[in-house]
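Trainee: To start, I am sharing the structure in question, which I have written as structure tokens.
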Amino acid sequence: MSGIHPFPPNSGHNVDVNLAAAVARNAHYQGGVTVVSYPDGDLTFAQLDDKAARLAAQFVDSGLGDGDRVAYVGLNSPAFLVTMLAAFRVGALFVPVNFRLAEPELERVLTDSGAEVVVCEEGHRAVLENVRARTALRRFLLVDDDPNVPVGADAPEFWELWTDVIARAEPGNTIAVKGLDDPAFLIYTSGTIGLPKGVVLTHGNVWWNSVNVDTVLDSRRGDVTYAGAPLFHIGALNSFTLRTLARGGTVVIRRGFDPECLLDDLVTLRVNTMFAVPAMLAALARVSGALDTPLPDLRTIVVAGAPVPATLIEAFAAHGITLQQAWGLTETAPFATHLPAERTRDKVGSAGIPMPHTQVRVVGSDDNKPLKPGEPGEIVVRGPNVTPGYWRNPEATAAAFDDAGWFHSGDIGYLDEDGCLYVVDRLKDMIISGGENVYPAEVERALSAMPGITDIAVVGAADEQWGETVVAVVALAEGVAITLEDVREYGSAVLARYKLPRRLQVVPAVPRNASGKILKAEVRRLVSDDED
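Residue 13 is where the sequence shown starts when you use the numbering used here, and the numbers rise one by one after that.
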């Protein structure tokens, strides 16, 4: 074999997997097909591609190019997709920002990413104005063509109106060629001490996840998929949304989740596929008559972001609706495992088996060797859908990967005799509330400065609506009395609302060991006793 190139030109190794090129192809061959279903704002493939091409031309005029970052701050909307595709056209990384972030959190993400251009909705303009001077941002576009988000009349002059920017541009024909290893997304997730880390996801990570999904899930060309969970999460974004854009289907975009609206969409728009977190489906089940409504077009519901209660799986299954649980992280783009539809009822509670092109193991913390079935250990993942690392954070990258290339998830689980994964705990004590990750250390740090609180521990407790809820266990200074409302009001200045405690428990002293570490097991026991 001497002299033969390891990847000859026709091997596919250098294939262009830029999603913007796939959308442009669909615009050429099926331009009149509706790709975005949105209240008072449907778009065909031709319209979506034209807007992205015009915005990309403006990005080029701004000096943006390969490897630069473009941020988006707003709810689910067509503008989200247009901004993403425009960034991909010029070779930039797209930074979808969690719209729930408080001001210090938003500043950290924008500063760390080094984004130079931001597209923003009116509801988030004020907080961006407060932090802009401490970021690298130099161009600010305000979405003004969405009837669901009216624009105020007091925007400072440095804001450019979205419609003006797009209208005056000539659509460019050039789309950056992107291979499997080229970065596409920069998505932020909190670190173990509460500071956000930027997860780099490549075009290849996205593409390989799509191959996994196509292989094991009943998704088809031309599908109608529902996007009601926040698209800044990789779960909602790369479960079906991106693949639907590439395969010529329709994405039903909803700015937020409403269970009655979801039921109506499932029926009237004949939705075929959707991603959901358990809290969404629990809310749907509470809608009168929802589980008795025939949904013959709905083939695939993937549920992730939190463990799915067995009662919820059984309730839907009894009405002919199969919930397929999956497990993964932002770092796995997102799915590492999936429970096949035919195993849903006999493997209730399992997160399933590894995706076809993804390896999953459970290893011991001492020797990093695979454990026997039933033995709990850390879940590790390896495959082409796994992130190459964290943005400008070699220390975090090195800590997450071992010498054999396995990504250490920080989650504890076990494999049964059939190779099905069960997630049982989290090494980092992370709380998952309504599909959102909450890190106790971050909340503890923010609330420990509240006057009157002498010590604090934060844990999660089971919650029927949210999966888990945030509980603050506090010790107070003598003579001090505080309420849950007081704590939430104080925390709202520095924490997103979903991170704020929903329960407060006052104790004489927070349990700690001799070295001063919080005894989380003891804290959870206190919380459990308080429920009884």
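Don't be surprised by glycine CBs; every beta carbon is placed ideally from N, CA and C.
All figures in this text were calculated on a predicted structure; none of them were measured in a lab.
Just verifying my parser: in three-state terms, what is the DSSP assignment at residue 219?
Mentor: Of the three classes helix, strand and coil, the one that applies to residue 219 here is helix, per DSSP.
Trainee: Take residue 261 and list the residues in its own chain whose beta-carbon comes closer than 6 Å to its own, dropping the five residues that flank it on each side.
Mentor: The residues are 234, 235.
Trainee: Please go through the same chain and pick out, in chain order, the residues whose beta-carbon is closer than 8 Å to the beta-carbon of residue 488, but skip the five residues on each side of it.
Mentor: 464, 465, 466, 494, 518, listed in sequence order.
Trainee: Helix, strand or coil: how does DSSP classify residue 204 here?
Mentor: The pLDDT assigned to residue 204 is 38, lower than 50, so where the model puts this residue is not dependable, and the model offers no usable value.
Trainee: Determine the closest residue to residue 345 out of 252, 304, 458, with distance taken between C-alpha atoms.
Mentor: Closest by alpha carbon: 252.
Trainee: Taking the straight line between their C-alpha atoms, what separation do you get for residue 211 and residue 408?
Mentor: If I take the Cα positions, the gap works out to 10 Å.
Trainee: Quick check on this structure: which residue in 178, 218, 413 has the alpha carbon closest to the alpha carbon of residue 195?
Mentor: Nearest of 178, 218, 413 to residue 195, Cα basis: 218.
Trainee: According to DSSP, is residue 46 helix, strand or coil?
Mentor: Residue 46: strand per DSSP, three-state reduction.
Trainee: Going by other Cβ atoms of all chains shown within 10 Å of its Cβ, with 16 needed for buried, is residue 158 buried or exposed?
Mentor: Its Cβ being crowded by 16 or more others within 10 Å, residue 158 is buried.
Trainee: Can you check whether the CB of residue 39 is closer than 8 Å to the CB of residue 187?
Mentor: Cβ distance not < 8 Å, so residue 187 and residue 39 don't count as in contact.
Trainee: Measuring straight from C-alpha to C-alpha, what distance separates residue 47 and residue 102?
Mentor: Distance between the alpha carbons of residue 47 and residue 102 is about 22 Å.
Trainee: Compare the C-alpha of residue 425 against each of 539, 165, 319 and name the closest.
Mentor: Checked all of 539, 165, 319; the closest Cα to residue 425 is 319.
Trainee: For residue 335, tell me which candidate among 322, 86, 341 has the shortest Cα-Cα distance.
Mentor: That would be 322, whose Cα lies nearest to the Cα of residue 335.
Trainee: Is it true that the CB of residue 88 sits closer than 8 Å to the CB of residue 266?
Mentor: Yes; because the gap between Cβ atoms is below 8 Å, this pair is in contact.
Trainee: Could you check where the alpha helix (DSSP H) with residue 142 kicks off and where it finishes?
Mentor: Start and end: 137-143.
Trainee: Can you tell which of 397, 540, 70 has its C-alpha closest to the C-alpha of residue 182?
Mentor: With distances taken between Cα atoms, residue 182 lies closest to 70.
Trainee: Pick helix, strand or coil for residue 190, following the three-state DSSP scheme.
Mentor: Coil, per DSSP.
Trainee: Identify every run of the alpha helix (DSSP H) within the stretch 453-477, keeping only runs that are complete inside it and at least 4 residues long; order them along the chain.
Mentor: With a minimum length of 4 residues, no continuous alpha helix (DSSP H) run stays inside the stretch 453-477.
Trainee: Who are residue 337's beta bridge partners in DSSP?
Mentor: BP columns for residue 337 point to 315.
Trainee: Apart from the five residues on each side of it in sequence, which residues of its chain come closer than 7 Å, Cβ to Cβ, to residue 524?
Mentor: Taken in chain order, the residues that qualify are 530, 531.
Trainee: The ligand SAM and residue 130: does the residue's C-beta get closer than 7 Å to at least one heavy atom of that ligand?
Mentor: For the structure depicted, the ligand SAM is absent and the ligand set is empty, with no information on it obtainable.
Trainee: Near residue 429, what residues of its chain come up, given a Cβ to Cβ distance below 7 Å and the 5 sequence neighbours on each side ignored?
Mentor: Contacts found: 385.
Trainee: Report the CB separation of residue 436 from residue 418 in whole angstroms; it is logged as a contact under 8 Å.
Mentor: In fact, because the Cβ distance is near 19 Å, the residues do not count as touching under 8 Å.
Trainee: Rounded to the nearest angstrom, how far is the Cβ of residue 396 from that of residue 216, given a contact under 8 Å?
Mentor: That belief holds up - the Cβ atoms of residue 396 and residue 216 are roughly 6 Å apart, short of 8 Å.
Trainee: Once you ignore the five residues that flank residue 174 on each side, which residues in its own chain have a CB closer than 8 Å to its CB?
Mentor: Closer than 8 Å at the Cβ level, and outside the excluded window around residue 174, lie 91, 131, 153, 154, 155, 156, 157.
Trainee: Out of 163, 542, 509, which one is the CA nearest neighbour of residue 114?
Mentor: Measuring from the Cα of residue 114, the nearest candidate turns out to be 509.
Trainee: From residue 31 to residue 56, what distance separates their C-alpha atoms?
Mentor: So the two alpha carbons sit approximately 16 Å from each other.
Trainee: Using the C-alpha atoms, what's the distance from residue 479 back to residue 486?
Mentor: Straight-line Cα distance between these residues: approximately 23 Å.
Trainee: If we count the other Cβ atoms within 10 Å of its Cβ and call it buried at 16 or more, is residue 189 buried or exposed?
Mentor: By the 10 Å Cβ count, residue 189 comes out exposed.
Trainee: Using only the alpha-carbon positions, how far apart do residue 278 and residue 293 sit?
Mentor: Each residue's alpha carbon lies about 13 Å from the other.
Trainee: Which ranges does the alpha helix (DSSP H) cover as unbroken runs of at least 4 residues, wholly within the stretch 218-284, from first to last along the chain?
Mentor: Taking only runs of at least 4 residues, the alpha helix (DSSP H) segments lying wholly in the stretch 218-284 are 254-259, 271-280.
Trainee: Measure the C-alpha to C-alpha separation of residue 456 and residue 404 and round it to an integer number of angstroms.
Mentor: Cα to Cα, the separation comes out at about 26 Å.
Trainee: Distance check for residue 514 and residue 238, CA to CA, integer angstroms please.
Mentor: If I take the Cα positions, the gap works out to 29 Å.
Trainee: Which residue's Cα is closest to the Cα of residue 61: 316, 284, 178, 415?
Mentor: Ranking 316, 284, 178, 415 by Cα distance to residue 61 puts 178 first.
Trainee: From the DSSP output, in three-state form, read off residue 390 for me.
Mentor: Three-state DSSP puts residue 390 in a strand.
Trainee: Tell me the residue span of the beta strand (DSSP E) that contains residue 349.
Mentor: Residue 349 -> beta strand (DSSP E) spans 347-350.
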